[in-house]
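Enquirer: Pasting a structure below so you can have a look.
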């Protein structure tokens with residue numbers, strides 16, 4: 003029978019193991035994670051993404067394999083004498099030792115110089131094999147042609163002897179030299195060229211990235227979801243899965259959506275903030291091979307990131323029938339905001355802006371002035387007092403030069419009323435300060451510029 007002390011020790015070790023494998027937000031914020039503890043051995047994720055996650059998956063398996071043995075050793079030192087004797091004579095300690103030995107054997111097999119036994123490397127070799135077997139066609143994308151050329155490279159490696167001209171440094175029989183020559187001609191490390199290609203694409207800024215704390219709801223620090231121009235990379239716990247976007251007939255499908263509480267969008271006082279007002283709508287996206295119907299990958303990301311994900315996918319992203327992706331509260335407000343602003347009277351742009359517009363019409367190489375909020379749209383709105391407000395809550399007079407687009411003014415309006423904790427039913431009737439001069443304005447004061 004376990005005593006009260008033994009139960010407390012067992013629960014304490016269970017909490018320690020759980021916090022080590024799946025650390026909570028407190029440990030993540032303080033940096034007490036396995037990745038930070040073994041960062042010297044793991045290397046840099048930004049420079050060598052594939053090697054980093056190959057080592058990280060092995061590190062997780064090693065730590066998980068030592069946890070049962072660590073429990074028995076922990077109980078032997080701190081538990082009662084009778085329990086320690088029972089553990090030594092039972093099968094639990096034997097199984098934990100067998101698990102440690104098995105994990106060590108797998109690690110040696112995985113990292114035996116070439117990582118050939120690692121499941122991720124075997125997956126890369128399978129991709130290389132399929133690329134080599136696929137006959138080239140005239141309409142192949144450049145990424146597929148590049149991978150086909152990389153997969154044809156062979157790195158010759160010799161461990162037992164080094165040749166300089168006709169002389170050999172190591173001595174041995176003709177049988178050993180024959181075996182060495184056979185190893186040189188048959189060793190194929192073309193997956194390393196593909197891994198270098200993945201590392202090069204991961205170092206680019208043009209990629210979709212989701213990780214713990216930014217898009218992924220899991221607290222596992224090693225979880226990553228990257229989409230580059232050619233690859234889809236998913237890393238979680240002891241799994242690292244690469245998917246080549248031009249292999250087969252892939253399709254991304256949104257199969258489910260759910261709304262969760264988002265504690266990261268609350269203020270210090272506990273009030274909901276952000277675009278979703280304390281909630282986060284998540285969508286389950288599955289990467290499916292249309293040829294065989296197999297699901298290659300399933301990941302849960304925010305609904306707001308679907309459009310950015312669509313820009314990097316080389317295959318269609320569709321929403322399954324029956325799945326409703328409702329817009330956020332801020333998106334609904336922005337639609338109503340733009341509709342009301344379009345009903346307001348328009349104003350002529352200032353004289354200096356008129357001269358700029360006329361010069362741009364005559365000279366096509368000049369660009370129109372961009373909005374300072376999004377830098378993607380041109381300036382098309384300004385603040386002019388049009389409402390008839392009450393004396394106790396009147397709108398101010400703004401003399402600022404037009405620098406914003408209507409969409410950015412709407413987002414600014416929504417952010418101000420959100421911070422003021424106004425109920426959503428009163429958003430359209432609220433007044434907020436100008437982002438430049440702080441003069442109060444309402445929706446009726448937002449005027450579009452005449453084109």
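Numbering (this note's numbering), first residue to last: 3 to 453. Glycine included, every Cβ here is placed at the ideal spot set by N, Cα and C.
1) My understanding is that residue 349 touches residue 451, with C-beta atoms under 8 Å, so please give their C-beta distance in whole angstroms.
2) Just to confirm, are residue 325 and residue 256 a CB contact at a threshold of 7 Å?
3) Does the segment 329–345 come close enough to the segment 436–443 that 3 or more CB-CB pairs lie under 8 Å?
4) Per DSSP, what kind of secondary structure is residue 236 in: helix, strand or coil?
5) Within 10 Å of its beta-carbon, does residue 284 have 16 or more other beta-carbons around it, so buried, or fewer, so exposed?
6) Let me confirm a value: residue 104 is counted as buried when at least 16 other C-beta atoms fall within 10 Å, else exposed. Which label applies?
7) May I have the straight-line CA-CA distance separating residue 197 from residue 128, to the nearest angstrom?
8) Go ahead and label residue 402 buried or exposed: buried means 16 or more other beta carbons lie within 10 angstroms of its beta carbon, across all protein chains shown.
9) Return yes when the Cβ of residue 386 is within less than 7 Å of the Cβ of residue 449, no when it is not.
10) Quick one: residues in its chain with C-beta nearer than 8 Å to the C-beta of residue 50, no 5 flanking neighbours on either side, listed in chain order?
11) Can you give me the Cβ contacts of residue 436 inside the same chain, cut-off strictly under 7 Å, excluding the 5 residues immediately before and after it?
12) Identify the residues that DSSP records as bridge partners of residue 304: which are they?
13) Of the residues 27, 76, 33, which one's Cα is nearest the Cα of residue 14?
14) By the DSSP assignment, the alpha helix (DSSP H) with residue 131 in it spans what residues?
15) Mind checking whether residue 308 and residue 236 have CB atoms under 7 Å apart?
16) With H, G and I counted as helix, E and B as strand and the rest as coil, what does DSSP make of residue 229?
17) Exposed or buried, what is residue 195 when buried is set at 16 or more other beta-carbons lying within 10 Å of its beta-carbon?
18) Examine the Cβ distances between the segment 237–246 and the segment 51–63 and report whether three or more of them are shorter than 8 Å.
19) Would you identify the three-state DSSP class for residue 244, choosing helix, strand or coil?
20) Taking the alpha-carbon positions, what's the residue 31 to residue 346 distance?
21) Would you kindly check if the distance between the Cβ of residue 100 and the Cβ of residue 69 is under 7 Å?
22) Got a sec? Which residues, its chain only, sit under 6 Å from residue 434 by beta carbon, not counting five neighbours each side?
23) Any C-beta of chain B sitting closer than 7 Å to the C-beta of residue 73?
24) Quick one, are the C-beta atoms of residue 253 and residue 317 less than 7 Å apart?
25) Alpha carbons only, please: which of 106, 258, 422, 296 is nearest the one belonging to residue 323?
26) Taking DSSP's pairing of strands, which residues face residue 1 in a bridge?
27) Among residues of its own chain, excluding the 5 on either side of residue 432, which ones have a beta-carbon nearer than 6 Å to its beta-carbon?
28) Compare the Cα-Cα distances from residue 262 to each of 380, 330, 142 and report the closest residue.
29) Does residue 376 pass the burial test, meaning 16 or more other C-beta atoms within 10 Å, or should it be called exposed?
30) Could you round the C-beta distance between residue 98 and residue 71 to whole angstroms and report it? I think they count as a contact, below 8 Å.
31) So what does DSSP say about residue 406, is it helix, strand or coil?
32) Below 6 Å CB to CB, which residues in the same chain sit around residue 359 once its five sequence neighbours on both sides are set aside?
33) Is residue 233 near residue 123, with beta carbons less than 7 Å apart?
34) Alpha carbon to alpha carbon, how far is residue 374 from residue 406?
Expert: Well, looking at it:
1) Within the chain shown, numbered from 1, the residue matching residue 349 stands at position 347. Within the chain shown, numbered from 1, the residue matching residue 451 stands at position 449. Confirmed, Cβ separation roughly 6 Å.
2) For the purposes of this step, residue 325 is identified with residue 323 of the chain shown, where counting begins at 1. For the purposes of this step, residue 256 is identified with residue 254 of the chain shown, where counting begins at 1. In contact: residue 325 and residue 256 (Cβ atoms closer than 7 Å).
3) Touching, no.
4) For the purposes of this step, residue 236 is taken as the residue at position 234 of the chain shown. Three-state DSSP puts residue 236 in a strand.
5) Residue mapping note: residue 284 aligns to position 282 of the chain shown, counting from 1. Answer is buried; the Cβ neighbour count reaches 16.
6) Translated into positions along the chain shown, residue 104 becomes position 102. Its Cβ having fewer than 16 others within 10 Å, residue 104 is exposed.
7) For this step, residue 197 is matched to residue 195 along the chain shown. For this step, residue 128 is matched to residue 126 along the chain shown. Using only the alpha carbons, I get a separation of about 13 Å.
8) Within the chain shown, the letter at position 400 stands for residue 402. Looking at its Cβ environment, which holds fewer than 16 other Cβ atoms inside 10 Å, residue 402 is exposed.
9) Residue 449 sits at position 447 when you count from the first residue of the chain shown. Residue 386 sits at position 384 when you count from the first residue of the chain shown. In contact: residue 449 and residue 386 (Cβ atoms closer than 7 Å).
10) Position 48 of the chain shown holds residue 50. Excluding positions up to five away in sequence, the list reads 201.
11) Indexing the chain shown from 1 puts residue 436 at position 434. Only 385, 400, 402, 443 meet the Cβ criterion.
12) As a first step, residue 304 is located in the chain shown; it is residue number 302 there, counting from the start. The partner list for residue 304 (beta bridge, DSSP) reads 284.
13) The count along the chain shown starts at 1 and reaches residue 14 at position 12. Closest option to residue 14, Cα to Cα, is 76.
14) Here the question's residue 131 lines up with position 129 in the chain shown. Counting along the chain, residue 131 sits inside the alpha helix (DSSP H) bounded by residues 121–135.
15) Indexing the chain shown from 1 puts residue 308 at position 306. Indexing the chain shown from 1 puts residue 236 at position 234. Result no, Cβ atoms of residue 308 and residue 236 do not sit closer than 7 Å.
16) The residue labelled residue 229 in the question sits at position 227 within the chain shown. Assigned with DSSP and collapsed to three states, residue 229 falls in strand.
17) Against the chain shown, residue 195 aligns to sequence position 193. Its Cβ being crowded by 16 or more others within 10 Å, residue 195 is buried.
18) Enough Cβ pairs lie closer than 8 Å, so yes.
19) Counting from one through the chain shown, the residue named residue 244 turns up at place 242. Three-state result, residue 244: strand.
20) Here residue 31 is taken as the residue at index 29 of the chain shown, counted from 1. Here residue 346 is taken as the residue at index 344 of the chain shown, counted from 1. Roughly 48 Å between the two C-alpha positions.
21) Counted from its first residue, the chain shown places residue 69 at position 67. Counted from its first residue, the chain shown places residue 100 at position 98. No, these two residues do not count as a Cβ contact at 7 Å.
22) Walking along the chain shown from the start, residue 434 turns up at place 432. Contacts found: 415, 418.
23) Absent from the structure: chain B. Only one protein chain is present.
24) Numbered from 1 along the chain shown, position 251 holds the residue referred to as residue 253. Numbered from 1 along the chain shown, position 315 holds the residue referred to as residue 317. If you check the CB distance, residue 253 and residue 317 come in under 7 Å.
25) One-based indexing of the chain shown puts residue 323 at position 321. Of 106, 258, 422, 296, the residue nearest in Cα terms is 258.
26) Since the first residue shown for the chain is 3 and the last is 453, residue 1 is missing from the structure and cannot be characterised.
27) As a working note, residue 432 is residue 430 in the chain shown. Closer than 6 Å at Cβ, skipping near neighbours: 419, 424.
28) Position 260 of the chain shown, counted from the first residue, corresponds to residue 262. Comparing Cα-Cα distances from residue 262 to each of 380, 330, 142, the minimum goes to 330.
29) Locating residue 376 in the chain shown gives position 374, counting from the first residue. The residue in question, residue 376, is exposed, as its Cβ has fewer than 16 Cβ neighbours within 10 Å.
30) Sequence index remark: in the chain shown, residue 98 carries index 96 (1-based). Sequence index remark: in the chain shown, residue 71 carries index 69 (1-based). 4 Å between Cβ atoms; contact.
31) As a first step, residue 406 is located in the chain shown; it is residue number 404 there, counting from the start. If DSSP states are grouped into helix, strand and coil, residue 406 belongs with the strands.
32) Taking the first residue of the chain shown as 1, we reach residue 359 at position 357. Confidence in residue 359 is poor, its pLDDT being 47 and thus under 50, which makes the residue's placement unreliable; the coordinate value appears in the next sentence. Apart from the 5 residues on each side of it in sequence, residue 359 has no Cβ closer than 6 Å to any other Cβ in its chain.
33) The residue given as residue 233 occupies position 231 in the chain shown. The residue given as residue 123 occupies position 121 in the chain shown. No, Cβ-Cβ distance for residue 233 and residue 123 is not below 7 Å.
34) Within the chain shown, residue 374 is the residue found at index 372, counting from 1. Within the chain shown, residue 406 is the residue found at index 404, counting from 1. Distance between the alpha carbons of residue 374 and residue 406 is about 6 Å.
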